[in-house]
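If you count the sequence shown from 1, position 134 lands on 133 in numbering that gives the first Met the number 0, and the numbers rise without skipping.
All C-beta atoms in this analysis are idealised placements derived from N, C-alpha and C, irrespective of residue type, glycine included.
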Amino acid sequence: MTDEQVKIINNAITQMLSRREHSQKELRKKLQKKGLDPELSEIQLKKFVANNVQSDARFAEMLIRSRANKGQGLNRIKLELNEHQIDSNFIHETLQELDIDWFDLARKVALKKYSGSAAKDWAEKQKRQRFMQYRGFTQEQIKYALENE
Numbered sequence: 000m001t002d003e004q005v006k007i008i009n010n011a012i013t014q015m016l017s018r019r020e021h022s023q024k025e026l027r028k029k030l031q032k033k034g035l036d037p038e039l040s041e042i043q044l045k046k047f048v049a050n051n052v053q054s055d056a057r058f059a060e061m062l063i064r065s066r067a068n069k070g071q072g073l074n075r076i077k078l079e080l081n082e083h084q085i086d087s088n089f090i091h092e093t094l095q096e097l098d099i100d101w102f103d104l105a106r107k108v109a110l111k112k113y114s115g116s117a118a119k120d121w122a123e124k125q126k127r128q129r130f131m132q133y134r135g136f137t138q139e140q141i142k143y144a145l146e147n148e
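Following this line, the structure appears as structure tokens:
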């Protein structure tokens with residue numbers, strides 16, 4: 000464990016976090032890709048977490064805001080957060096703080112996609128439901144959005 004390796008790892012973590020929030024899993028993966036020592040990287044990453052430079056809670060908040068602004072539903076966002084191994088407590092707390100109206104978001108997505116026109120037939124209605132489901136909305140949210148087009 001040399002001081003030079005520690006500096007390289009710290010510099011890499013700092014540069015990544017200066018651009019945007021990253022999850023711990025994401026940072027580990029990127030550090031590994033750079034060929035840096037995994038054990039030393041883990042030690043340094045824990046120091047960043049302890050000093051609140053890296054925060055999975057902030058990452059969760061950033062990701063939820065970003066994806067909701069792109070018109071994605073809660074189910075899809077939760078899947079992505081789980082891929083980043085974000086603690087479910089962070090997810091729950093962040094969702095309460097942000098207080099996003101998922102029904103209203105689903106309605107806005109449907110209006111933007113379909114311009115307020117009603118489905119012509121059963122096949123079209125199914126296609127719209129699949130689209131909304133792919134976006135990560137629940138059946139209740141989809142029903143609300145498509146009934147209020």
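Spatial neighbours of residue i within its chain, please: CB distance less than 8 Å, with the 5 preceding and 5 following residues excluded, ordered by chain position.
| i | result |
| --- | --- |
| Q14 | none |
| L35 | Q4, I7, I8 and A11 |
| L145 | A109, A118, K124, R127, Q128 and M131 |
| E96 | E60 |
| G70 | L104, K107, V108, K111 and R134 |
Looking at the structure shown, is residue i part of a helix, part of a strand, or coil, going by DSSP?
| i | result |
| --- | --- |
| A109 | helix |
| F136 | coil |
| Q23 | helix |
| A144 | helix |
| H91 | helix |
| K124 | helix |
| K119 | coil |
| D55 | helix |
| Q71 | coil |
| N81 | helix |
| D100 | coil |
| D2 | helix |
| K46 | helix |
Do you know offhand how far residue i's Cα is from residue j's?
| i | j | result |
| --- | --- | --- |
| V5 | R27 | 15 Å |
| I141 | M131 | 6 Å |
| F136 | I7 | 42 Å |
| H83 | R66 | 14 Å |
| E115 | L73 | Note that residue 115 is Gly in the sequence shown here, rather than Glu. Going from the Cα of G115 to the Cα of L73 covers about 23 Å. |
| W121 | D100 | 28 Å |
| H21 | K33 | 16 Å |
| S54 | F102 | 29 Å |
| K45 | R134 | 34 Å |
Whose CA, out of the options, lies closest to the CA of residue i?
| i | options | result |
| --- | --- | --- |
| S40 | N10, L97 and I85 | N10 |
| N68 | I8, V108, G115 and I7 | V108 |
Under 7 Å Cβ to Cβ from residue i, same chain only, skipping five residues before and after it: list those, please.
| i | result |
| --- | --- |
| I90 | A59, K77 and L80 |
| T93 | A56, A59, E60 and I63 |
Quick one: residues in its chain with C-beta nearer than 6 Å to the C-beta of residue i, no 5 flanking neighbours on either side, listed in chain order?
| i | result |
| --- | --- |
| Q128 | I141 |
| D86 | none |
| A105 | F136, Q140 and A144 |
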